[in-house]
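Taking UniProt numbering, the leading residue of the sequence shown gets 1, the next gets one more, and so forth.
From the three backbone atoms N, C-alpha and C, an ideal C-beta is built for every residue, glycine too.
Have a look at the structure below, then the notes.
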Amino acid sequence: MANLRTPRFQFLLALQFLMLIQSQVLCYQYKVGDLDAWGIPTSAKPQVYTKWSKYHQFKLGDSLLFLYPPSQDSVIQVTAQSYGSCNLKDPILSMNDGNSLFNFTTLGDFYFTSGEPGHCQQNQKLHISFLSGNGSAYSPSSGPSALDASAPSYPTVFGSIPAPPTSAPHSSAASPRFPVFAAAVVGFGVFALHGGNL
């Protein structure tokens, strides 16, 4: 039986623990608007959702958190047609608790707007395109004209899509991932290299 108090065993255990804590959480929860709650954009920050969405890329398992006063607002998921025309009837999903969480479980386009009359027309809406496992978000005024004129765009059969920012301070895709499984394999590899005799 191995002696668990030997310096070599304690070193290997500490090494494996350090490798495990280096691994990143695989799913993230994003607060829509970051410091700004879900609401009508103010005149001081008319592009709050556009600017927020430029710095985030999403993947399956991530979630959006919409925070707002439940007595004054709500959030609904709508179709592309309802999003474009600000039609609030027959939403796909309706949330009104003030602390609404939406989880990404499938690929596709997701359209959100306020459920309060008149709010959508004042640009309180968000579109997230999620077609390849890494999605990007943009709000109604974030088409190619809303981005910097120097930002390159790439033509597709459906039109042009703005290029993602080169350095995204809040992007989970910007940093390398080291899965827990790989940390465990490396730990057991180190154990095997030392002969397995503890």
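Check your understanding: To which residues of the same chain is I92 closer than 8 Å at the C-beta, ignoring the five residues directly before and after it?
Key -> I76, Q77, V78 and T79
Practice item. Kindly list the residues whose CB is nearer than 7 Å to the CB of T166, restricted to its own chain and excluding five residues on each side of it in sequence; keep chain order. Key: Low local confidence applies: a pLDDT of 46 at T166 is under 50, so the model's placement there is unreliable, with the coordinate-based value given in what follows. Excluding residues within five positions, none has a Cβ falling inside 7 Å.
Point to revise | Cβ neighbours of D36 in the same chain (closer than 7 Å, five flanking residues each side left out) | key: K45 and V48
Exercise for review: Could you tell me which of K125, K89, L65 and K59 sits nearest to V32, measuring between CA atoms?
Suggested key: L65
Exercise for review: State the Cα-Cα distance for the pair Q10 and F17, rounded to the nearest angstrom.
Suggested key: For Q10 and F17, the distance between alpha carbons rounds to 10 Å.
Exercise for review: Report the three-state DSSP secondary structure of Q10 (helix, strand or coil).
Suggested key: helix
Point to revise | First through last residue of the alpha helix (DSSP H) which encompasses M84 | key: In the sequence on display, residue 84 carries Gly and not Met. Looking at the DSSP string, the run of the alpha helix (DSSP H) that includes G84 is A80 to S85.
Exercise for review: With L101 as the anchor, note down where its beta strand (DSSP E) starts and where it stops.
Suggested key: Per DSSP, the unbroken beta strand (DSSP E) holding L101 starts and ends at N99 to N103.
Practice item. Indicate whether F102 and F130 have their beta-carbon atoms separated by less than 8 Å. Key: no
Check your understanding: Is V186 helix, strand or coil when you go by DSSP?
Key -> helix
Review point. Is it true that the CB of P69 sits closer than 8 Å to the CB of G98?
Key: yes
Check your understanding: Within the present structure, is the beta-carbon of Y83 separated from the nearest heavy atom of the ligand ATP by less than 7 Å?
Key -> This structure does not include the ligand ATP; it has no bound ligands of any sort.
Exercise for review: Look up S53 in the DSSP assignment and say whether it is helix, strand or coil.
Suggested key: helix
Exercise for review: Return the CA-CA distance between S100 and L67, expressed in angstroms with no decimal places.
Suggested key: 7 Å
Review point. Candidates W38, S43 and C27: which alpha carbon is nearest S74's?
Key: The shortest Cα separation from S74 among W38, S43 and C27 belongs to W38.
Check your understanding: Can you pull the DSSP bridge partners for H119?
Key -> In the DSSP output, where bridge partners are listed per residue, H119 has none listed.
Check your understanding: Is DSSP giving L131 helix, strand or coil here?
Key -> coil
Exercise for review: Could you check if K89 is buried or exposed, using at least 16 other CB atoms within 10 Å of its CB as the buried criterion?
Suggested key: exposed
**Study point:** Exposure of Q57, with buried meaning 16 or more beta-carbon neighbours within 10 Å
**Key:** buried
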